[in-house]
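Notes to accompany the following structure.
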Amino acid sequence: MRWLLYCGCYLCGMNTPSLSARDRAAVWHPFTPQLPVQDAVALVRGEGALLFGEDGRSYIDATASWWVNLHGHAHPYIAQKIAVQLVTLEHAIFSGFTHEPAVELAERLLGRLPHMSKVFYSDDGSTAVEVALKMALQYWHNKGTPRTKIVAFENAYHGDTFGAMSAGARNVFSRAFGPLLFEVVHIPVPLPGSEDASLNALTEALDEHTAAFIAEPLIQGAGGMIMYEAEALSRIYQRCKDKGIPVIADEVMTGFGRTGTWFASDQCTVKPDMICLSKGLTGGFMPLGVTLCTEEIHAAFLTSDRTRTFFHGHSYTANATACAAALASFDLMEEAHTQQQIHTLAHFQQAQTRRLKNHRAVMQARCKGTIAAFELRSTESTSYLNPISERVHPFFLERGVILRPLGNIIYVLPPYCITTKQLEQVYAALEEFLETC
Ligand SMILES: Cc1ncc(COP(=O)(O)O)c(C=O)c1O
Numbered sequence: 000m001r002w003l004l005y006c007g008c009y010l011c012g013m014n015t016p017s018l019s020a021r022d023r024a025a026v027w028h029p030f031t032p033q034l035p036v037q038d039a040v041a042l043v044r045g046e047g048a049l050l051f052g053e054d055g056r057s058y059i060d061a062t063a064s065w066w067v068n069l070h071g072h073a074h075p076y077i078a079q080k081i082a083v084q085l086v087t088l089e090h091a092i093f094s095g096f097t098h099e100p101a102v103e104l105a106e107r108l109l110g111r112l113p114h115m116s117k118v119f120y121s122d123d124g125s126t127a128v129e130v131a132l133k134m135a136l137q138y139w140h141n142k143g144t145p146r147t148k149i150v151a152f153e154n155a156y157h158g159d160t161f162g163a164m165s166a167g168a169r170n171v172f173s174r175a176f177g178p179l180l181f182e183v184v185h186i187p188v189p190l191p192g193s194e195d196a197s198l199n200a201l202t203e204a205l206d207e208h209t210a211a212f213i214a215e216p217l218i219q220g221a222g223g224m225i226m227y228e229a230e231a232l233s234r235i236y237q238r239c240k241d242k243g244i245p246v247i248a249d250e251v252m253t254g255f256g257r258t259g260t261w262f263a264s265d266q267c268t269v270k271p272d273m274i275c276l277s278k279g280l281t282g283g284f285m286p287l288g289v290t291l292c293t294e295e296i297h298a299a300f301l302t303s304d305r306t307r308t309f310f311h312g313h314s315y316t317a318n319a320t321a322c323a324a325a326l327a328s329f330d331l332m333e334e335a336h337t338q339q340q341i342h343t344l345a346h347f348q349q350a351q352t353r354r355l356k357n358h359r360a361v362m363q364a365r366c367k368g369t370i371a372a373f374e375l376r377s378t379e380s381t382s383y384l385n386p387i388s389e390r391v392h393p394f395f396l397e398r399g400v401i402l403r404p405l406g407n408i409i410y411v412l413p414p415y416c417i418t419t420k421q422l423e424q425v426y427a428a429l430e431e432f433l434e435t436c
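Residue 0 is where the sequence shown starts when you use numbering that gives the first Met the number 0, and the numbers rise one by one after that.
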């Protein structure tokens, strides 16, 4: 019967619904208003920096698919390593058991971040942050001096689960949940020129109740690609250290080369006590999160008192296939070729930022490492809901470029394998857009 139906459709050419139409009927997408209904672009495959649509068109993935992709889509090396892992050990319980990919990945991460001592696995960026916050809170609990106050930067974004939302800025993303978020003291970001104000606010905020300070080092991503200097952050970290307060670096977005170095923390002279990683960790192939901590933090859990166990874990903790993807991405990251790609991309981005910063439509152009951001002038204030944003996505899609703005801030954050020709196409479209403003 199924064969007959299929044949009937095929022979008479009867229209089968498109993927976009089936999607519209069945799927609810993230960060997507439900009205007016807008069809999702149906993708059928990817290669390098390109995504290919059901409509036969190709799109340059200039936001690295929400900042996850490093080496290109469907990269054969990562795909092959995943395939081998899938037929060896796809996944296994991670409490009381372990496996080679998880151990090797932890070893290699610790090799790159030698001031860290242990790696705790989770599923994504939000859970990596949840783990860090819970670890910091229980660190104090286990020491017998419970503390619950968290200090964070204004404008921060740390994810969409409740702890991560609480640490983030109170804004349109979290408004509906406001009363349920725990209290966090938000201090100003140490932007160039306001480093002292930030440090003073921190000094005022840190007290005997403070459990941890959390920050997105050097670049606040979803908050609008806000950039600040490593020296200012190191001073902030040092002030926390002076008071014995653990520092959490949320490197979910900045990790794996995005800021020009392997980790943003590499640029800081003072090191954090915990680091959250996800996104680029697997090269954009599989969901995986990790939280690394120092021996000082871990030591608070070194007890045979079972009530002081860190009672946290997810069904898919340290998924072996995701760890294999991360190891493959790690291999590629270590290649001189990739480091050259990062260098070339950073150089290109800097040149474009310099070139466009005086455009009449650009209020501020900024660049750090491989990321460039352009804050556009607007009659309305800079915000995620700035009306400019509604024009950006369709404008660039029409030109074969995927750019999702943060309100009136357009940023370019592509996979490292993007070609110069593709980058030129992205910037040609961007300039064309600026002319319409
Ligand atoms: C700095 C930072 N932390 C945490 C997250 C949350 O990560 P995920 O979306 O994987 O939960 C993000 C996501 O954009 C992020 O940029």
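Ideal Cβ positions, reconstructed from N, Cα and C, are used throughout, including at glycine.
Note that the structure is a prediction, hence the values are computed from the model and not measured.
Count the other CB atoms, across all protein chains shown, that sit within 10 Å of the CB of residue i; report buried if there are 16 or more and exposed otherwise.
i	result
Ala323	buried
Leu280	buried
Ile92	exposed
Gly71	buried
Asn357	exposed
Glu53	exposed
Asp60	buried
Glu294	exposed
Gln340	buried
Pro100	buried
Ala175	exposed
Arg365	buried
His157	buried
Glu215	buried
Phe347	buried
Leu301	exposed
Leu34	exposed
Going by DSSP, name the residue or residues bridged to residue i.
i	result
Phe51	Arg44 and Ser57
Tyr120	Val289
Arg146	DSSP, once it has assigned bridges, lists no residue as partnering Arg146.
Gln363	Glu374
Phe212	Val150 and Val246
Val411	Ala371
His72	Gly47
Val184	Val150
Leu232	Paired residues: none, contrary to the question.
Met273	Ile247 and Cys292
Ile92	Looking at the DSSP assignment, Ile92 forms no beta bridge with any residue, so it has no partner.
Rounded to a whole number of angstroms, what is the C-alpha to C-alpha distance between residue i and residue j?
i	j	result
Ser121	Ala325	13 Å
Cys6	Thr15	Reliability fails at Cys6, whose pLDDT of 35 lies under 50, so the model's placement of it is uncertain and the value that follows must be treated cautiously. Cα to Cα, Cys6 sits roughly 12 Å from Thr15.
Ala105	Asp249	18 Å
Ile408	Tyr383	8 Å
Ala311	Ala372	Rather than Ala, the amino acid found at residue 311 in this sequence is His. When rounded, the distance between both Cα atoms is 37 Å.
Thr290	Pro245	14 Å
Ser388	Gly406	5 Å
Val391	Arg169	25 Å
Arg354	Tyr58	24 Å
Val102	Leu375	46 Å
Ala335	Thr343	12 Å
Met134	Leu433	45 Å
Ser314	Leu132	20 Å
Ile247	Leu412	24 Å
Gly29	Phe161	Rather than Gly, the amino acid found at residue 29 in this sequence is Pro. Their Cα atoms are separated by approximately 16 Å.
Val128	Asp272	13 Å
Ser17	Ala41	8 Å
Gly47	Thr419	13 Å
Gly110	Asn385	43 Å
Asp241	Gly192	23 Å
Tyr410	His98	39 Å
Leu10	Asp159	Confidence at Leu10 is low in this model, with a pLDDT of 47, below 50, so the placement of that residue should be treated as unreliable; the coordinate-derived value is given next. Computed Cα separation, rounded: 48 Å.
Ser94	Leu396	45 Å
Would you mind working out which of the options sits nearest residue i, comparing C-alpha positions?
i	options	result
Ser197	Phe176, Tyr227, Gly177 and Ala175	Tyr227
Arg437	Ser380, Glu423, Thr381 and Glu374	The question about residue 437 has no answer, for the chain in this structure spans 0 to 436.
Leu287	Ile296, Trp261, Cys267 and Ala317	Ala317
Ser328	Ala73, Tyr138, Val26 and Thr419	Ala73
Leu232	Val269, Glu207 and Gly243	Val269
Phe394	Cys436, Thr378, Ile370 and Lys367	Cys436
Ala321	Gln33, Lys80 and Asp22	Lys80
Gly45	Leu429, Leu88 and Ile417	Ile417
Gln37	Ala48, Ala24 and Val43	Ala24
Ile296	Ala39, Val26, Asn154 and Val118	Val118
Val130	Tyr236, Ala166 and Thr97	Ala166
Leu190	Ala204, Glu230 and His208	Glu230
Phe51	Leu331, Val26 and Ile401	Ile401
> Quick check: the region 137-150 against the region 172-190, are there 3 or more CB pairs under 8 Å?
Replying inline: Three or more beta-carbon pairs separated by less than 8 Å link the region 137-150 to the region 172-190, which places the two stretches in contact.
> So, do the region 296-311 and the region 60-71 have three or more beta carbon pairs nearer to each other than 8 Å?
Replying inline: no
>> Taking 8 Å as the cut-off, does the region 107-125 touch the region 262-279 (at least 3 CB pairs, one atom from each stretch)?
In response: yes
> Would you call the region 130-148 and the region 341-361 touching, i.e. three or more CB-CB distances under 8 Å?
Replying inline: no
> Between the region 214-223 and the region 279-296, do three or more beta carbon pairs fall short of 8 Å?
Replying inline: no
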